[in-house]
């Protein structure tokens, strides 16, 4: 049972990899499934005290694959304004810089579970639903703002903290 959260995360990775290739009518149910498994694996690992470095790493990898897959599908379905695409590219570059610096400083992948990263992930998760009520340029502006803050916070943590803790809540509150 100790590995159950990792098995759930691995299942999420497999489903996330399939998202860009599935029929549009299957997208929403599988999208919701991946979101629920993201919540479930983390909750289960913390609740049962089954957290592991591998599980934290797999969770981050699954989040990135999910984000990339959904981005591909959203670009396929919606007309995304150029400023959103450029902003997303800038955020991606900041995150890549953070990962490279983190790798050289700490010799490991440094995707962090900060409050801002969780907020960004939550907003990204509910964004397909919000798109039914809010124009894409407004939602995109909100997502870009929060994701930019999140990316810069993670970069600051990687640059300034003496050791890395993937579960650091925020730059302003060190464990």
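Residue numbers (the numbering used here): 1077 to 1251. C-beta atoms are modelled at their ideal positions from N, C-alpha and C, and glycine is treated no differently. Computed from a prediction, not measured in an experiment: that's the story for all the values here.
Straight-line Cα distance separating residue 1086 from residue 1080: In the chain shown, the residue the question calls residue 1080 occupies position 4. In the chain shown, the residue the question calls residue 1086 occupies position 10. Computed Cα separation, rounded: 10 angstroms.
Identity of the residue in 1110, 1157, 1090 and 1134 nearest residue 1202 by Cα: Here the question's residue 1202 lines up with position 126 in the chain shown. With distances taken between Cα atoms, residue 1202 lies closest to 1110.
Separation of residue 1106 from residue 1160, as counted between CA atoms: What you label residue 1160 is simply residue 84 of the chain shown in a count that begins at 1. What you label residue 1106 is simply residue 30 of the chain shown in a count that begins at 1. Straight-line Cα distance between these residues: approximately 25 angstroms.
Unbroken alpha helix (DSSP H) run spanning residue 1213, endpoints: In the chain shown, residue 1213 corresponds to position 137, counting from 1. Counting along the chain, the alpha helix (DSSP H) containing residue 1213 begins and ends at 1212 to 1236.
4-residue-minimum alpha helix (DSSP H) runs that sit fully inside the segment 1092 to 1131, ordered along the chain: 1100 to 1123
Where the alpha helix (DSSP H) containing residue 1182 begins and where it ends: Translated into positions along the chain shown, residue 1182 becomes position 106. First-last of the alpha helix (DSSP H) with residue 1182: 1158 to 1182.
Residue 1239, DSSP secondary structure in three states: By 1-based counting over the chain shown, the position of residue 1239 is 163. In the structure shown, residue 1239 sits in coil (DSSP, three-state: anything other than H, G, I, E or B).
Neighbour-count burial assignment, residue 1152, 16 or more Cβ in a 10 Å radius: Locating residue 1152 in the chain shown gives position 76, counting from the first residue. By the neighbour-count rule (16 or more Cβ atoms within 10 Å), residue 1152 is not buried but exposed.
Sub-8 angstroms separation of residue 1133 and residue 1185 beta-carbons: For the purposes of this step, residue 1133 is taken as residue 57 along the chain shown, with counting starting at 1. For the purposes of this step, residue 1185 is taken as residue 109 along the chain shown, with counting starting at 1. Cβ atoms of residue 1133 and residue 1185: closer than 8 angstroms.
Start-to-end residues for the alpha helix (DSSP H) that takes in residue 1196: The residue given as residue 1196 occupies position 120 in the chain shown. Residues 1191 to 1206.
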